[in-house]
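Undergrad: Dumping the structure here so I can ask a few things about it.
Numbering (this note's numbering), first residue to last: 36 to 154.
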């Protein structure tokens, strides 16, 4: 199963990853995965009517992997007949996800409030 970090997910094994998302995203043809040997380095999991799930392990970030995976995934979605892709992210995400998505043509269409309270 995925263990939560403060702003994202930490993936343990591919089997746990697959079990966790396969039920919600059964179109494996719309999954785009990158491997580093036998270890999953990054992924974009899409469904015909669902938002993609994008993740890159920390040691592969800032190397263009997420961008390459998203471009490949978009091509696969297009071939599958999907003409619109959407996703969500956290504006404060320190990985720079907003800039990444905007560089690939995504635009903000909705914002959801986040509330904080110091203790």
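Beta carbons: idealized from backbone N, C-alpha and C, even for Gly.
1. Return the chain-ordered ranges of every alpha helix (DSSP H) run that is complete within the region 43-98 and spans a minimum of 4 residues.
2. What number of angstroms, rounded off, separates the C-alpha of residue 92 from the C-alpha of residue 130?
3. Look at the alpha carbon of residue 90 and the alpha carbon of residue 66, and state the distance between them as a whole number of angstroms.
4. Helix, strand or coil for residue 37? Go by DSSP, reduced to three states.
5. From what residue to what residue does the alpha helix (DSSP H) around residue 114 run?
6. From what residue to what residue does the alpha helix (DSSP H) around residue 138 run?
7. Compute the beta-carbon to beta-carbon distance between residue 104 and residue 80, rounded to the nearest angstrom, for a pair I have assumed lies under 8 Å.
8. Suppose the cutoff is 7 Å on Cβ atoms and the five residues either side in sequence are ignored; what does the same chain contact list for residue 22 look like?
TA: Looking at the atomic coordinates:
1. 49-57, all fully within the region 43-98.
2. Counting only the Cα atoms, residue 130 lies some 11 Å from residue 92.
3. Linking residue 90 to residue 66 through their CA atoms gives a straight-line distance of about 12 Å.
4. Note that residue 37 has pLDDT 42, beneath the 50 cutoff, so the model's placement of it is unreliable and no number is given.
5. Secondary structure note for residue 114: its alpha helix (DSSP H) is the uninterrupted segment 100-114.
6. Segment 132-138, the alpha helix (DSSP H) holding residue 138.
7. At roughly 10 Å, the Cβ-Cβ gap does not stay under 8 Å, so residue 104 and residue 80 are not in contact.
8. Limits of the chain in this structure are 36 at one end and 154 at the other, which puts residue 22 out of reach.
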